[in-house]
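For the sequence shown, the tail end lands on 310 under the UniProt record's numbering, and the numbers increase by one without skipping. Every residue, glycine too, gets a C-beta built ideally from N, C-alpha and C.
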Amino acid sequence: LEEAIIHDTQQTEKAIADLNSSIIIDSTSNIIRRANRILLVTYQEIENSEDSTFTTQLQNASDAFKETLSPMIAAAKQLALSPDNKIAHSQWQQTNNELIDAIGNVREALQPLTSNLINELEHISFNHSSRSASRSPPPRPPLPSDEELSASAAPPRPPLPILEPTNDEIYDKDLPIPQSNQPILMAAHDLHMNIKQYSSHDNELIALAKKMSHFVAQLSLLIRGETGTKRDLISISRELSDMSEHMTYLAKQLASGCTDRRIRTHLLQVSERIPTIGTQLKILSTVKATMFGIYGVLPRSLSKNERAMI
């Protein structure tokens with residue numbers, strides 16, 4: 001919207017040069033319409049957030065922005081009546097520039113961290129020539145003699161320890177590409193692909209989600225009879241059920257500290273579905289476990305349709 005308003009401003013300036021009142025009216029009307037849209041969005045964000053610092057800053061920016069709207073509208077009307085009037089042109093330019101500046105303040109209030117970081121980067125100076133020129137470098141110390149080198153020779157470096165992969169590294173590994181007849185593996189793969197972009201370091205929710213994706217992939221192999229035993233199937237399903245309960249707990253904890261009402265509501269709605277899915281998983285795994293034969297493995301005589309259902 002901000003870029004569109006700047007474009008409408010340029011169109012207005014061109015229409016002023018051409019003394020085209022109809023284009024002036026159209027372009028300034030677009031500016032007013034977009035400005036009202038920005039005000040509506042800011043009010044929605046203020047209503048949605050429970051962060052008092054954020055809402056106060058945004059409220060102040062939106063109030064200042066709203067105050068620039070009426071003067072610009074009045075100046076635009078005068079300009080449309082007299083496009084060749086330099087005073088009217090100057091008055092509209094001033095009020096419109098104030099409106100655009102106020103929009104920038106609203107944008108910064110909506111994105112305070114990003115805006116501050118950009119401003120800091122813009123003011124970083126990489127020119128150190130003046131400082132380095134004012135100070136001469138210290139004299140270089142003399143090189144040590146051969147006797148000093150041999151006397152101070154360091155002992156041989158010990159070999160580096162062999163590091164075992166951590167759980168985080170194990171669950172960061174990619175899952176096999178699922179086939180169209182592997183819906184459970186496909187769900188695990190989709191989950192892993194969506195969360196692999198996030199680091200699980202100091203983030204228990206992400207770490208647990210990555211672990212669950214690998215367990216679901218293992219469940220797919222077990223439930224299709226491609227590996228494992230009845231005991232493995234029951235064990236994996238119980239592990240996943242326990243993890244789903246902990247996932248629900250973590251999600252609710254995260255929601256309790258979320259100041260965005262929309263995100264919090266959506267997070268709670270999704271987390272309430274997890275225990276139900278965990279219970280369904282227990283039932284499904286128990287039923288499938290009863291299909292194991294006396295050899296303790298899922299019979300390979302299942303039809304394609306039966307396997308597709310699992």
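Practice problem: Apply the 10 Å Cβ neighbour rule to G225 and answer buried if 16 or more other Cβ atoms are within range, or exposed otherwise. | Solution: buried
Practice problem: With DSSP as the reference, please indicate the residues paired to S49 in a beta bridge. | Solution: D260
Practice problem: Pick helix, strand or coil for P176, following the three-state DSSP scheme. | Solution: coil
Quiz item: If we count Cβ pairs, one from each stretch, closer than 8 Å, do we get three or more for the region 87-102 versus the region 49-56?
Solution: no
Exercise. Enumerate in chain order the residues of its own chain whose CB-to-CB distance from S303 is below 8 Å, with the five nearest sequence positions on each side excluded.
Key: Low confidence applies to S303: its pLDDT is 44, below 50, so where it sits in the model is not reliable, and the reading given next is rough at best. Counting only Cβ-Cβ distances below 8 Å, and skipping sequence neighbours, we find nothing.
Quiz item: According to the neighbour-count rule (16 or more other Cβ atoms, all chains shown, within 10 Å of its Cβ), is residue 312 buried or exposed?
Solution: No answer is possible for residue 312: it lies beyond the span of the chain, which begins at 1 and ends at 310.
Quiz item: How many Å lie between D18 and K196 at the Cα?
Solution: 56 Å
Quiz item: Can you give the Cα-Cα distance for D202 and K173, rounded to whole angstroms?
Solution: 18 Å
Practice problem: List the endpoints of the continuous alpha helix (DSSP H) containing D84. | Solution: That residue, D84, is in no alpha helix (DSSP H); it is neither H nor E in DSSP.
Quiz item: Taking the alpha-carbon positions, what's the G257 to N36 distance?
Solution: 32 Å
Quiz item: The alpha helix (DSSP H) spanning N194 covers which residue range?
Solution: 183-195
Self-check item: Exposure of residue 329, with buried meaning 16 or more beta-carbon neighbours within 10 Å
Solution: Missing from the structure shown is residue 329; the chain here goes from 1 to 310 and no further.
Exercise. Return the Cβ separation of S62 and L39 in integer angstroms, given the expectation that the two are a contact with Cβ distance under 8 Å.
Key: 6 Å
Self-check item: Exposure label - V287; buried when at least 16 CB within 10 Å
Solution: exposed
Quiz item: Of all the alpha helix (DSSP H) runs that stay within the bounds of the region 2-81, which reach a length of 4 or more residues?
Solution: 2-17, 21-48, 52-81
Quiz prompt | Supposed contact pair I73 and I32 - C-beta distance, whole angstroms, cut 8 Å | solution = 6 Å
Quiz prompt | Among I184, A102, S200, nearest to F65 - alpha-carbon criterion | solution = A102
Self-check item: Nearest residue (CA-CA) to L233, options I277, M247, V216
Solution: V216
Practice problem: For L69, collect the residues of the same chain with a Cβ closer than 6 Å to its Cβ; drop the 5 residues on either side in sequence, then sort them by chain order. | Solution: A35
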